[in-house]
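Be aware that the sequence shown starts at 16, since it is given in our numbering, and climbs by one per residue.
In this text, a Cβ means the ideal position worked out from N, Cα and C, and glycines have one as well.
Structure first, commentary second.
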Amino acid sequence: MNVQRRLLPNTAALAAFEAVARLGSFTAAARELDLTQGAVSRQINLLEEQFGRRLFERDSRNVRLSPAGEIYAEAVRSALGQLRDAALGLMSNRHSGILNLAILPTFGTRWLMPLIPDFVASHPDITINFATRIGRFDFARERLDAAIHHGMPDWPDADCTLLMRETVMPVASPEFLASRAIAVPADISRLPLLHMATRPGAWSEWFEHQGLEAPTGPGMQFEQFGTVAQACMAGLGVALLPEILIAGELQRGQLVPAPGQPMQSRSAYYLVVPHDKRGHLPVASFRDWLLGQIGKEPAVLAW
Numbered sequence: 016m017n018v019q020r021r022l023l024p025n026t027a028a029l030a031a032f033e034a035v036a037r038l039g040s041f042t043a044a045a046r047e048l049d050l051t052q053g054a055v056s057r058q059i060n061l062l063e064e065q066f067g068r069r070l071f072e073r074d075s076r077n078v079r080l081s082p083a084g085e086i087y088a089e090a091v092r093s094a095l096g097q098l099r100d101a102a103l104g105l106m107s108n109r110h111s112g113i114l115n116l117a118i119l120p121t122f123g124t125r126w127l128m129p130l131i132p133d134f135v136a137s138h139p140d141i142t143i144n145f146a147t148r149i150g151r152f153d154f155a156r157e158r159l160d161a162a163i164h165h166g167m168p169d170w171p172d173a174d175c176t177l178l179m180r181e182t183v184m185p186v187a188s189p190e191f192l193a194s195r196a197i198a199v200p201a202d203i204s205r206l207p208l209l210h211m212a213t214r215p216g217a218w219s220e221w222f223e224h225q226g227l228e229a230p231t232g233p234g235m236q237f238e239q240f241g242t243v244a245q246a247c248m249a250g251l252g253v254a255l256l257p258e259i260l261i262a263g264e265l266q267r268g269q270l271v272p273a274p275g276q277p278m279q280s281r282s283a284y285y286l287v288v289p290h291d292k293r294g295h296l297p298v299a300s301f302r303d304w305l306l307g308q309i310g311k312e313p314a315v316l317a318w
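Right, here's the structure in full:
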């Protein structure tokens, strides 16, 4: 029992250690935990005495993790996260019904969120926690169970279930196009082009699809489609946007198609599930529901 107790420090000490490790400051950790700096320091000293290892290197100005502390901090961060998730499940009386889902910002708010009430109604025992992520990430480190991802089905150690293909089209505000002599796709190359940072080659691909050479000049760059759409409506230029994400603006006439054919993107939308979450019931329930909303049979690619 003595050995077991030595290996299980109290959670207050672990919380203090995690805060100092993350913030790099005893003062900042004390402020976050609503403790005195001396109390935080005592908790760290207790841990170091308990394990007989120095967890931090200290000098007159800085505090940083020791090599042993670096390794321990990774494990403590994960363990505290699991304890928080377990507490949330216990408090909500939904022990097996937590789904931590990463979503794309615009796709999530414009396409997925209007459908979520149906999932909540049909799966009252499952609670979804949403996180916004763009691009790949470490599922274990982020403590996420699944992700809606736009790209190629090549996520390592995960199953990629095809949700839908994507058609993009050049659009601008009606006032912007009306004030310029735009008749054919080649005319677009003379206009200010708005770019998505996550899709740097999209315009080149579209011009190639039209049988044209892409312009080489710079253009405004944005991180989210919602911001690009707003920039278009403000008359800042022409953007290449997914039709599914701007259906409302097109219907209301806030955005109109510019000359040129729409193009199916090489990338697509996928539900990505890490291999160690294949048997997680909330993930399976969400996947089946999502495919039912889309009306497609699953096409799973494992890497």
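Per DSSP, the beta bridge partners of Gly166 are Ala283. A residue is called buried when at least 16 other Cβ atoms come within 10 angstroms of its Cβ; Asn115 meets this threshold and is buried. Rounded to the nearest whole angstrom, the C-alpha separation of Leu209 and Leu256 is 10 angstroms. His224: member of the alpha helix (DSSP H) spanning 217-224, first to last residue. A straight line joining the alpha-carbon of Gln236 with that of Phe154 spans about 28 angstroms. The three-state secondary structure of Leu206, taken from DSSP, is coil. Secondary structure at Phe152: coil, using DSSP grouped into helix, strand and coil. From the listed residues Leu70, His165, Val55, the smallest Cα separation to Gly84 is found for Leu70. At a Cβ-Cβ threshold of 8 angstroms, Leu177 and Pro200 do not count as neighbours. Per DSSP, Ile197 lies in no alpha helix (DSSP H) and is assigned neither H nor E. For Leu296, the enclosing alpha helix (DSSP H) begins and ends at 296-309. By the C-beta density criterion, Arg156 is exposed, having fewer than 16 other C-beta atoms within 10 angstroms. Non-local beta-carbon contacts of Ser280 in its own chain, meaning distances under 6 angstroms to residues more than five positions away in sequence, involve Glu181, Val183 in chain order.
In this structure, the beta-carbon distance from Ile149 to Thr213 falls below 8 angstroms.
Excluding the 5 residues flanking it on each side, Val298 has same chain C-beta neighbours closer than 7 angstroms at Leu114, Asp160, Ala161, Val288, Lys292, in chain order. A Cβ-Cβ separation of about 38 angstroms leaves Ser300 out of contact with Met248 under the 8 angstroms criterion. For Asn25, there is no enclosing beta strand (DSSP E), since its DSSP letter is neither H nor E. Under a 10 Å Cβ-count criterion, Gln58 is classified as buried, with 16 or more other Cβ atoms of the shown protein chains found around its own Cβ.
Considered as a whole, the region 38-94 harbours 41-48, 52-66 as its complete alpha helix (DSSP H) runs of no fewer than 4 residues, in chain order.
A direct Cα-Cα distance of roughly 15 angstroms separates Glu220 from Gly232.
Of the candidates Glu258, Gln245, Ala198, Met128, Met128 places its Cα closest to the Cα of Leu305. A check of alpha carbon separations from Ile203 across Asn77, Leu61, Gly252, Asp174 identifies Gly252 as the nearest. Per the coordinates, the alpha-carbon of Phe41 lies some 18 angstroms from the alpha-carbon of Glu89. Relative to the Cα of Thr147, the nearest Cα in the group Val135, Gly123, Leu130 belongs to Gly123. Residue pairing by DSSP places Gln236 opposite His210 in a beta bridge.
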